[in-house]
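Undergrad:
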Amino acid sequence: KAGVTQTPRYLIKTRGQQVTLSCSPISGHRSVSWYQQTPGQGLQFLFEYFSETQRNKGNFPGRFSGRQFSNSRSEMNVSTLELGDSALYLCASSSNLAGGAFDNEQFFGPGTRLTVL
Amino acid sequence: GENVEQHPSTLSVQEGDSAVIKCTYSDSASNYFPWYKQELGKGPQLIIDIRSNVGEKKDQRIAVTLNKTAKHFSLHITETQPEDSAVYFCAASTRQLTFGSGTQLTVLP
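Protein chains in written order, with the numbering used here: chain A, 605 to 721; chain B, 1149 to 1257.
1. I think B/Ser1233 touches B/Leu1253, with their Cβ atoms under 8 Å apart; what is that distance to the nearest whole Å?
2. Would you please verify whether the beta carbon of A/Phe668 is less than 8 Å from any beta carbon of chain B?
3. Around the Cβ of B/Val1152, are there at least 16 other Cβ atoms within 10 angstroms (buried) or fewer (exposed)?
4. For A/Glu679, which residues does DSSP report across the bridge?
5. One question on the structure: do A/Gln610 and A/Thr716 come within less than 8 Å of each other, judged by their Cβ atoms?
6. With distances taken from CA atoms, which of B/Phe1181, B/Gln1186, B/Lys1190 and B/Leu1188 is nearest B/Ser1200?
7. When the Cα atoms are used, what is the spatial distance from A/Arg634 to B/Gln1162?
8. Mapping DSSP to helix, strand and coil, what is A/Leu650?
9. Please look up how many angstroms separate the CB atoms of A/Leu647 and A/Tyr639, rounded, as I've assumed it's under 8 Å.
10. Tell me where the beta strand (DSSP E) around B/Leu1188 begins and ends.
11. Between A/Ser626 and A/Met680, what straight-line distance do the alpha-carbon atoms span, to the nearest angstrom?
12. What did DSSP end up calling A/Asp707 once you bin it into helix, strand or coil?
13. Beta-carbon of B/Thr1158 versus every beta-carbon of chain A: anything under 8 Å?
14. Check each candidate in A/Gly662, A/Tyr614, A/Ser698 and A/Ala691 and name the one with the smallest Cα separation from A/Arg677.
15. On the premise that B/Glu1150 lies in contact with B/Ala1240, defined as a C-beta separation below 8 Å, what is that separation, rounded to the nearest angstrom?
16. How would you list, in chain order, the residues of chain A whose beta-carbon sits under 9 Å from the beta-carbon of B/Leu1194?
17. Given a threshold of 16 other Cβ atoms within 10 Å of its Cβ, counted over all protein chains shown, does B/Gln1208 qualify as buried or as exposed?
18. Are there three or more Cβ pairs, one per stretch, closer than 8 Å when the stretch 1222-1231 of chain B is compared with the stretch 1164-1174 of chain B?
19. What residues from the stretch 1220-1250 of chain B come within 9 Å of chain A, judged by C-beta to C-beta, listed N to C?
20. Within the same chain, show all residues whose beta-carbon is closer than 6 Å to that of B/Gly1250, passing over the 5 residues directly before and after it, in chain order.
21. Beta strand (DSSP E) containing B/Glu1153: first to last residue?
22. Going straight from the alpha carbon of B/Val1255 to that of B/Ile1210, what length do you get?
23. Return helix, strand or coil for A/Asp689, following the three-state DSSP convention.
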């Protein structure tokens, strides 16, 4: 079974630009979550999508948004980039059920390394 | 919201020795506690998990214990090997995963 794939793997942008990251979950997984990983703040939850609906959201500003398509693939968008948005963005998929509890294994992709100059 | 604290931040052990990493959590509603291993250039990978109705779980050289009353859980790795060197994260879960700050484990040959 293929793992979680993320594209692109590396990205360089300048302040004020916007960026879109893509994630393809493991086949059959309907839950896709996004995380931001930085040396200072560690791994932080951005949001989770299930069946095309945002189900849970972390404490990030509205510049961070996402969506999920009918095939469970997900995209994450960051608008008006700031230097502090430089991070590794990780996507994870899970067979979490419709109840919304995060009590199943999250399978992580390799991440997209975003650098904002 | 949930807060997870993890200690130590770095840990060096000799090959063959044991390693212990400890975490505490704040939300008594948390009911799922996974441990992830992250190697350089890769995403985190689940190594073991425990649910709130279980006090201990073991998988070969890896074990996790959970004390719900004290709100802490620990990872134990026995007979460490150089390939165990990585960053380890604990996490607690209700409707989202909250991660600890990570432990850089180095196993010295």
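Note that the Cβ used here is the ideal one computed from N, Cα and C, for glycine as well. Quick caveat: nothing in here was measured; it's all calculated off a predicted structure.
TA: Here's the rundown:
1. Along the second sequence, one-based indexing puts residue 1233 of chain B at 85. Along the second sequence, one-based indexing puts residue 1253 of chain B at 105. About 6 Å; that satisfies the 8 Å criterion.
2. Residue numbering aside, residue 668 of chain A sits at position 64 when the first sequence is read from its first letter. For A/Phe668, the answer is no, since every Cβ of chain B falls outside 8 Å of its Cβ.
3. As a position in the second sequence, residue 1152 of chain B is number 4, starting the count at 1. Answer is buried; the Cβ neighbour count reaches 16.
4. Against the first sequence, residue 679 of chain A aligns to sequence position 75. DSSP, once it has assigned bridges, lists A/Ser626 and A/Arg671 as partnering A/Glu679.
5. Numbered from 1 along the first sequence, position 6 holds the residue referred to as residue 610 of chain A. Numbered from 1 along the first sequence, position 112 holds the residue referred to as residue 716 of chain A. Result yes, Cβ atoms of A/Gln610 and A/Thr716 sit closer than 8 Å.
6. Locating residue 1200 of chain B in the second sequence gives position 52, counting from the first residue. Answer by Cα proximity: B/Phe1181.
7. Residue 634 of chain A sits at position 30 when you count from the first residue of the first sequence. Residue 1162 of chain B sits at position 14 when you count from the first residue of the second sequence. Using only the alpha carbons, I get a separation of about 42 Å.
8. Start at 1 with the first residue of the first sequence, and residue 650 of chain A comes out as number 46. A/Leu650: strand per DSSP, three-state reduction.
9. The sequence position of residue 647 of chain A within the first sequence is 43, counting from 1. The sequence position of residue 639 of chain A within the first sequence is 35, counting from 1. Rounded, the Cβ-Cβ distance is 5 Å, consistent with contact.
10. Counting from 1 along the second sequence, the entry for residue 1188 of chain B is found at position 40. Looking at the DSSP string, B/Leu1188 is not in any beta strand (DSSP E), and its letter there is neither H nor E.
11. Here residue 626 of chain A corresponds to residue number 22 of the first sequence, with the count starting at 1. Here residue 680 of chain A corresponds to residue number 76 of the first sequence, with the count starting at 1. If you take the alpha carbons of A/Ser626 and A/Met680, they lie about 6 Å apart.
12. Your numbering for residue 707 of chain A matches position 103 in the first sequence. In the structure shown, A/Asp707 sits in coil (DSSP, three-state: anything other than H, G, I, E or B).
13. Taking the first residue of the second sequence as position 1, residue 1158 of chain B is located at position 10. Judged by the 8 Å Cβ criterion, B/Thr1158 is not in contact with chain A.
14. As a working mapping, residue 677 of chain A is identified with position 73 in the first sequence. Comparing Cα-Cα distances from A/Arg677 to each of A/Gly662, A/Tyr614, A/Ser698 and A/Ala691, the minimum goes to A/Ser698.
15. As a working mapping, residue 1240 of chain B is identified with position 92 in the second sequence. As a working mapping, residue 1150 of chain B is identified with position 2 in the second sequence. Right, the Cβ-Cβ distance comes to about 6 Å (below 8 Å), so this counts as a contact.
16. Sequence index remark: in the second sequence, residue 1194 of chain B carries index 46 (1-based). By Cβ distance, chain A contributes Glu709, Gln710, Phe711 and Phe712.
17. Numbered from 1 along the second sequence, position 60 holds the residue referred to as residue 1208 of chain B. Flag for B/Gln1208 reads exposed.
18. yes
19. Phe1237, Ala1239, Ser1241, Thr1242, Arg1243, Gln1244, Leu1245, Thr1246, Phe1247, Gly1248, Ser1249 and Gly1250
20. Within the second sequence, numbered from 1, the residue matching residue 1250 of chain B stands at position 102. Counting only Cβ-Cβ distances below 6 Å, and skipping sequence neighbours, we find Val1235 and Phe1237.
21. Here residue 1153 of chain B refers to the residue found at position 5 when the second sequence is read from its first residue. Residues Val1152 to His1155.
22. If you number the second sequence from 1, residue 1255 of chain B lands on position 107. If you number the second sequence from 1, residue 1210 of chain B lands on position 62. Cα to Cα, the separation comes out at about 15 Å.
23. Locating residue 689 of chain A in the first sequence gives position 85, counting from the first residue. Helix at A/Asp689.
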